[in-house]
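Visitor: So the sequence lines, in the order shown, correspond to chains B and A.
For the first sequence, the numbering used here assigns the number 379 to the initial residue and increments by one for each residue that follows.
For the second sequence, the numbering used here assigns the number 379 to the initial residue and increments by one for each residue that follows.
Ideal Cβ placement from N, Cα and C applies to all residues, glycine included.
2 protein chains.
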Amino acid sequence: MEKKGILVVVSGFSGSGKGTVMKELISRYDNYALSISATTRSPREGEEHGREYFFKTREEFEKMIAEDALIEYACYVNNYYGTPRDYVEEQLGLGRDVILEIEIQGALQIKKRYPDTLLLFISPPDAQTLKNRLVGRGTESMDVIESRLSRAVEEAEGIENYDYFIINDDLNACVEEVNELIRGEHRRVSRSLELINEIRADLKKFQ
Amino acid sequence: MEKKGILVVVSGFSGSGKGTVMKELISRYDNYALSISATTRSPREGEEHGREYFFKTREEFEKMIAEDALIEYACYVNNYYGTPRDYVEEQLGLGRDVILEIEIQGALQIKKRYPDTLLLFISPPDAQTLKNRLVGRGTESMDVIESRLSRAVEEAEGIENYDYFIINDDLNACVEEVNELIRGEHRRVSRSLELINEIRADLKKFQ
């Protein structure tokens, strides 16, 4: 019997490096599936339908909302972003742990609907490093940096809703730590009741 | 600043091999401290005061109870067993994770008093293996084996009170898994609030 996979939501400050951590995690271990979001925004240079995003028209997206085909969605800067249900449920059923990289609002929608979702928050080791990483990209105006910083302040307010707070100081260590946390989660009593009940039933037979 | 250690209670079926797992864990990693119980029972051949147990008279033990010097205690077969508070709190304060190997009744006393205690339950992979391990020692009468089995049935009823259910199929894998679970527990949001609040305060300064 295949054990059901765990739904894992990963959030983190812009500049936390969470995207790189997740890509590396997926490439090292084959028990993970990375969910791909649907969006109504236009593809950017180099983005591919079905790889970065599923690109949808507004009509298509609203039809998905109406049919409850998304497990969470949100609107940013006049574009929809959401997580298609089919892929997530199919992969969980196959026993794979499904990873969603989403913002806190979506994370809370999912936790409400799937209470056994594991919520991870990834952070740089301190605020100065966070600021340096945001500035260090060298591609954004100070305005954009300031707006990211103020979003970081808001995001930081929601961390208590998460299960684990993980520092991304060293990429390799962080990837291993995330993998260990998810693997450990499979040992949680509430996720092992089937096995526990089998052992209980067997023990009674021996008496 | 030294991070506070985690209090870890390990229980498991007789024959689960939990004692061996803990000894191996302590010998591999130096961030753990194994708590030593106090008892009023007589030392057995080869047992040493301060190594296997702190051997106490009934009067001494009852004085410890009266002075609240034990974080849990119980009476089995007319002898007291308990966990001295001093050592546990001293080691936690030094940032070491303190491991107590105790029965479920004691585990629940401790969880009530220290709600952030991590409770681990160790089990053989299935009931047949458990029975084989109990019988396999070859040193006990069938009566003793039967009584252990029926205690196992009782213990199994309490597993929902624990956080993690860990299978001891392979000693090495089990030791590493326990280590990862405890290490992961340090990343729990509720145990990282000091760091989270520092980052929050720093972020606000940058705005």
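In chain B, what lies closer than 7 Å to A:SER501 by C-beta?
Guide: Under the 7 Å cutoff, chain B gives ILE577.
Visitor: So, helix, strand or coil for B:ASP408, using DSSP?
Guide: Residue state, collapsed to three classes: coil.
Visitor: For A:ARG511, which of A:ILE480, A:SER394, A:LYS401 has the nearest alpha-carbon?
Guide: Per the Cα distances, A:SER394.
Visitor: Using 8 Å as the threshold, is the segment 459-466 of chain A in touch with the segment 554-561 of chain B, meaning 3 or more CB pairs across them?
Guide: Taking 8 Å as the limit for Cβ pairs, the verdict is that the segment 554-561 of chain B does not touch the segment 459-466 of chain A.
Visitor: Hey, B:ASP475 and B:ILE384: beta-carbon distance below 8 Å or not?
Guide: In this structure, B:ILE384 lies closer than 8 Å to B:ASP475 by Cβ.
Visitor: Interface residues of chain B around A:TYR540 at Cβ under 8 Å?
Guide: Per Cβ cutoff of 8 Å: VAL567.
Visitor: Give the secondary structure of A:VAL367 by DSSP, where H, G and I count as helix, E and B as strand, and everything else as coil.
Guide: This structure gives no information on residue 367 of chain A, because the portion of chain A shown stretches from 379 to 585.
Visitor: Please classify A:LEU496 as buried or exposed, where buried requires at least 16 neighbouring CB atoms within 10 angstroms.
Guide: With 16 or more other Cβ atoms within 10 Å, it is buried.
Visitor: Nearest by alpha-carbon distance to A:TYR458: which of A:GLU467, A:TYR492, A:THR417 is it?
Guide: It is A:THR417.
Visitor: Given a threshold of 16 other Cβ atoms within 10 Å of its Cβ, counted over all protein chains shown, does A:VAL455 qualify as buried or as exposed?
Guide: Under this definition A:VAL455 is an exposed residue.
Visitor: Identify, in the order they occur along the chain, each residue of the same chain with its Cβ nearer than 6 Å to the Cβ of A:TYR542, setting aside the five sequence neighbours on each side.
Guide: Closer than 6 Å at the Cβ level, and outside the excluded window around A:TYR542, lie LEU498, LEU559.
Visitor: Classify B:MET520: buried if its beta carbon has 16 or more other beta carbons within 10 angstroms, exposed otherwise.
Guide: By the neighbour-count rule (16 or more Cβ atoms within 10 Å), B:MET520 is not buried but exposed.
Visitor: What residues from chain A crowd round B:GLN483, counting only those whose CB sits closer than 7 Å?
Guide: In chain order: nothing, as chain A lies at least about 18 Å away.
Visitor: So for B:ALA452, helix, strand or coil by DSSP?
Guide: B:ALA452: strand per DSSP, three-state reduction.
Visitor: Examine the Cβ distances between the segment 405-412 of chain A and the segment 469-483 of chain A and report whether three or more of them are shorter than 8 Å.
Guide: Yes, they touch.
Visitor: Listed in chain order, which residues of the segment 516-536 of chain A have Cβ atoms closer than 8 Å to some Cβ of chain B?
Guide: Per Cβ criterion, the list reads GLU524, LEU527, SER528, ALA530, VAL531, ALA534, GLU535.
Visitor: Name the two residues that bound the continuous alpha helix (DSSP H) containing A:ASP548.
Guide: A:ASP548 -> no alpha helix (DSSP H), and no H or E assigned at all.
Visitor: Starting from the Cα of B:ARG540, find the closest Cα among B:LYS489, B:GLU467, B:SER568, B:GLU524 and give me that residue.
Guide: Looking at the sequence provided, one finds Tyr at residue 540 of chain B rather than Arg. Closest option to B:TYR540, Cα to Cα, is B:LYS489.
Visitor: Residues in its own chain within less than 6 Å of A:PRO503 by CB, not counting five upstream and five downstream?
Guide: Excluding residues within five positions, the ones whose Cβ falls inside 6 Å are ILE545, ASP547.
Visitor: Using the Cα positions of A:TYR433 and A:ALA579, report the straight-line distance between them to the nearest angstrom.
Guide: With the sequence shown as reference, residue 433 of chain A is identified as Phe, and Tyr is not the correct amino acid for it. Each residue's alpha carbon lies about 50 Å from the other.
Visitor: Of all the CB atoms in chain A, is at least one closer than 8 Å to the CB of B:LEU559?
Guide: Taking Cβ atoms only, chain A reaches closer than 8 Å to B:LEU559, which makes this a yes.
Visitor: So which residues on chain A does B:ASP475 lean against when the C-beta distance must stay under 9 Å?
Guide: Those within 9 Å of B:ASP475 in chain A number zero; the least Cβ separation is about 15 Å.
Visitor: Identify the residues that DSSP records as bridge partners of B:LEU497: which are they?
Guide: In the DSSP output, where bridge partners are listed per residue, B:LEU497 has B:VAL387.
Visitor: Using alpha carbons as the reference points, say which of B:VAL386, B:GLU402, B:GLY390, B:SER389 lies closest to B:VAL553.
Guide: Closest by alpha carbon: B:GLU402.
Visitor: Any C-beta of chain B sitting closer than 8 Å to the C-beta of A:LEU448?
Guide: So, not an interface residue.
Visitor: Identify whether A:ALA485 lies in helix, strand or coil by the three-state DSSP scheme.
Guide: Residue state, collapsed to three classes: helix.
Visitor: Would you say A:LEU581 reaches chain B, if we count a Cβ-Cβ gap shorter than 8 Å as a contact?
Guide: True, the Cβ-Cβ gap to chain B drops below 8 Å.
Visitor: Look at B:THR435 and B:LEU549 and say whether their C-beta atoms are less than 8 Å apart.
Guide: No. Outside cutoff.
Visitor: Check each residue of the segment 483-497 of chain B: if its Cβ is closer than 8 Å to any Cβ of chain A, include it; give the result in chain order.
Guide: Under the 8 Å Cβ criterion, the segment 483-497 of chain B contributes no residue.
Visitor: With a threshold of 8 Å between beta-carbons, can B:ILE574 be considered close to chain A, or not?
Guide: With 8 Å as the cut-off, B:ILE574 counts as an interface residue toward chain A.
Visitor: Name the residue from B:SER501, B:LEU470, B:LYS509, B:GLU481 whose alpha carbon lies nearest to the alpha carbon of B:TYR492.
Guide: The option with the nearest alpha carbon to B:TYR492 is B:LEU470.
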